[in-house]
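Residue numbers (the numbering used here), protein chains in the order written: chain Z, 391 to 597; chain S, 391 to 597. Glycine included, each C-beta is placed from N, C-alpha and C at the ideal position. Here the structure is a predicted model, which is why all the values come from computation and not from measurement.
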DNA sequence: ACCGCGCTCAACCGATCGGTTGACCCGGCG
DNA sequence: CGCCGGGTCAACCGATCGGTTGAGCGCGGT
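Below, the structure is given as structure tokens:
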């Protein structure tokens with residue numbers, strides 16, 4: 391039985407590459423592609439039954455981000471979500487797994503590795519890149535400052551210099567909620583303003 | 391006459407995607423692929439005459455980076471180098487152009503755009519993504535991003551998350567003066583708040 | 001001597017941020 | 001089942017920040 395995939399990535403080039411790689415390893419067919427989280431959700435709600443696994447990038451230039459989309463797909467009882475991205479920072483990995491992703495792969499993986507991972511994820515088996523596993527172990531060994539997935543997202547926005555209003559729009563929440571998150575972040579990081587929070591987050595390699 | 395391309399990117403997925411995209415727009419053939427700068431240089435020195443343009447990523451996980459490779463190819467009188475990457479920071483763009491690249495494209499460009507750019511680059515015509523052009527204009531408008539010594543000091547303080555009052559105490563000036571400096575800094579960096587200023591300053595290696 | 005520029009300061013105002021209280025929903029856990 | 005934590009939101013207030021105008025000082029160059 392062939393595995394049917396929904397590709398979510400804002401780069402046409404990457405989508406084409408993944409399509410080529412996946413369909414060349416056999417027993418995989420890319421049934422649909424989406425350039426961001428919003429479109430992916432629409433596609434799933436319309437033809438969810440025909441997708442065995444979602445292969446999702448985390449970084450989206452615009453539109454709904456990968457984390458948000460993953461959360462919603464999982465919440466809606468959709469197909470398993472396999473994160474396929476470029477970065478392997480602790481913050482990204484933990485946030486993705488907390489959001490409910492079934493796996494976390496790096497884009498520089500070998501084609502066969504990616505193919506095997508897609509089959510595993512579709513079957514509900516968790517998959518992690520070796521380097522990702524390493525970072526995860528590193529984390530459990532040293533229980534650092536624990537920010538929630540949502541808080542990390544907020545922090546990322548902060549680092550770009552976004553205002554509360556811009557942050558709210560970006561994450562589809564109200565300014566009030568952004569402020570609530572900020573208070574928690576300041577508390578956990580031991581600071582009292584956004585710039586200091588960004589500074590501390592960089593120091594602790596949270597972003 | 392078909393344009394012959396050498397692809398340099400450390401991600402197999404991206405190479406596959408670019409190959410698919412380029413060869414689908416017509417009159418382009420990907421003659422060779424290299425996973426890093428070193429391999430690319432070897433290929434060129436052995437079969438340089440058969441490459442019309444090098445399509446190069448900047449970020450390479452390991453091995454020789456894209457900047458270094460571009461410099462050497464240009465120095466050796468090799469084919470034009472078109473940078474195709476994910477980021478559009480001023481630092482990256484300026485560095486690439488200084489290294490001698492003939493163009494700078496973003497990976498989220500449309501396939502047809504990329505195809506046209508490859509043809510242009512091969513013919514020796516410079517090409518830039520719109521957003522890249524915007525950043526460059528931004529840079530030329532702000533003359534060399536030349537901040538005064540005092541402004542750099544302020545910026546350093548900003549980066550630590552200090553308030554205007556703390557900054558004033560630290561530098562033995564009044565809050566009013568701090569605010570004046572800040573306005574000038576925002577102006578020169580093209581931003582409108584302290585966190586964004588710090589972000590931009592990091593990008594441009596001003597701190 | 002004059003001009004330009006960087007640095008300094010003041011006063012003012014609207015916009016944004018920081019902080020608090022209180023509330024609701026949901027999912028996981030004992 | 002009830003509890004708790006995470007996420008969401010509202011309303012409110014004082015503090016801080018962003019932006020403007022206007023002005024004085026000292027230093028270096030034409």
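Short CB-CB distance (under 8 Å) between residue i and chain Z
| i | result |
| --- | --- |
| residue 518 of chain S | no |
| residue 577 of chain S | no |
| residue 581 of chain S | yes |
| residue 574 of chain S | no |
| residue 523 of chain S | no |
| residue 586 of chain S | yes |
| residue 429 of chain S | no |
Min CB distance residue i to chain S below 8 Å
| i | result |
| --- | --- |
| residue 396 of chain Z | no |
| residue 540 of chain Z | no |
| residue 469 of chain Z | no |
| residue 421 of chain Z | no |
| residue 407 of chain Z | yes |
| residue 508 of chain Z | no |
| residue 401 of chain Z | yes |
| residue 411 of chain Z | yes |
| residue 424 of chain Z | no |
| residue 597 of chain Z | no |
| residue 532 of chain Z | Per-residue confidence for residue 532 of chain Z stands at a pLDDT of 48, beneath the threshold of 50, marking its modelled position as unreliable; no derived number is given. |
| residue 404 of chain Z | yes |
Own chain partners of residue i with C-beta closer than 8 Å, once the 5 adjacent residues on each side are dropped
| i | result |
| --- | --- |
| residue 411 of chain S | 501, 504 and 505 |
| residue 469 of chain S | 396, 434, 438, 441, 442, 443, 444, 463 and 512 |
| residue 533 of chain Z | The predicted model places residue 533 of chain Z with a pLDDT of 49, which falls under 50 and marks its position as unreliable, so this point remains unresolved. |
| residue 514 of chain Z | 470 and 492 |
| residue 409 of chain Z | 397, 420 and 423 |
| residue 560 of chain S | 547 and 552 |
Residues near residue i in its chain [Cβ-Cβ closer than 7 Å; skip 5 each side]
| i | result |
| --- | --- |
| residue 575 of chain Z | 537, 541, 544, 545 and 587 |
| residue 418 of chain Z | 392, 393, 395, 412, 505 and 508 |
| residue 516 of chain Z | 492 and 493 |
| residue 461 of chain Z | 489 and 490 |
| residue 603 of chain S | One cannot answer for residue 603 of chain S here, as it falls past the ends of chain S, which runs 391 to 597. |
Enclosing beta strand (DSSP E) for residue i [first to last residue]
| i | result |
| --- | --- |
| residue 422 of chain Z | 418–424 |
| residue 393 of chain Z | 393–398 |
| residue 503 of chain S | Careful: residue 503 of chain S lies outside any beta strand (DSSP E), inside the alpha helix (DSSP H) at 501–512. |
| residue 479 of chain Z | Here residue 479 of chain Z belongs to no beta strand (DSSP E), and DSSP marks it neither H nor E. |
| residue 441 of chain Z | Where residue 441 of chain Z is concerned, there is no enclosing beta strand (DSSP E), given that its DSSP letter is neither H nor E. |
Residues near residue i by beta carbon distance below 6 Å, same chain, minus five either side
| i | result |
| --- | --- |
| residue 494 of chain S | 473, 483, 486, 518 and 522 |
| residue 539 of chain Z | 485, 488 and 489 |
| residue 430 of chain Z | 398, 424 and 459 |
| residue 454 of chain S | 426, 427 and 428 |
| residue 401 of chain S | none |
| residue 590 of chain Z | 579 and 581 |
| residue 466 of chain S | none |
| residue 510 of chain Z | 517 |
| residue 364 of chain S | One cannot answer for residue 364 of chain S here, as it falls past the ends of chain S, which runs 391 to 597. |
Sub-8 Å separation of residue i and residue j beta-carbons
| i | j | result |
| --- | --- | --- |
| residue 581 of chain S | residue 512 of chain S | no |
| residue 451 of chain S | residue 498 of chain Z | yes |
| residue 407 of chain Z | residue 407 of chain S | yes |
| residue 547 of chain Z | residue 583 of chain S | no |
| residue 558 of chain Z | residue 568 of chain Z | yes |
| residue 403 of chain S | residue 415 of chain Z | no |
| residue 496 of chain S | residue 476 of chain S | yes |
| residue 549 of chain Z | residue 597 of chain Z | yes |
| residue 570 of chain S | residue 585 of chain Z | no |
Range of the contiguous alpha helix (DSSP H) that encloses residue i
| i | result |
| --- | --- |
| residue 548 of chain Z | 539–549 |
| residue 596 of chain S | No alpha helix (DSSP H) contains residue 596 of chain S, which DSSP labels as neither H nor E. |
| residue 575 of chain Z | 565–579 |
| residue 495 of chain S | That residue, residue 495 of chain S, is in no alpha helix (DSSP H); its beta strand (DSSP E) goes 493–496. |
| residue 472 of chain S | That residue, residue 472 of chain S, is in no alpha helix (DSSP H); its beta strand (DSSP E) goes 471–475. |
| residue 433 of chain S | 427–437 |
| residue 464 of chain S | 456–465 |
| residue 402 of chain Z | 402–415 |
| residue 558 of chain Z | 554–561 |
Closer than 7 Å: residue i CB and nearest the ligand SAH heavy atom
| i | result |
| --- | --- |
| residue 572 of chain S | Of ligands this structure carries none, so the ligand SAH is not represented either. |
Listed in chain order, which residues of the segment 542–571 of chain Z have Cβ atoms closer than 9 Å to some Cβ of chain S? 548, 549, 550, 551, 552 and 553
Residues of the segment 443–466 of chain S whose Cβ lies closer than 7 Å to any Cβ of chain Z, in chain order: 451
Return the residues of the segment 471–497 of chain Z that lie within a Cβ-Cβ distance of less than 7 Å from chain S, sorted by chain order. 497
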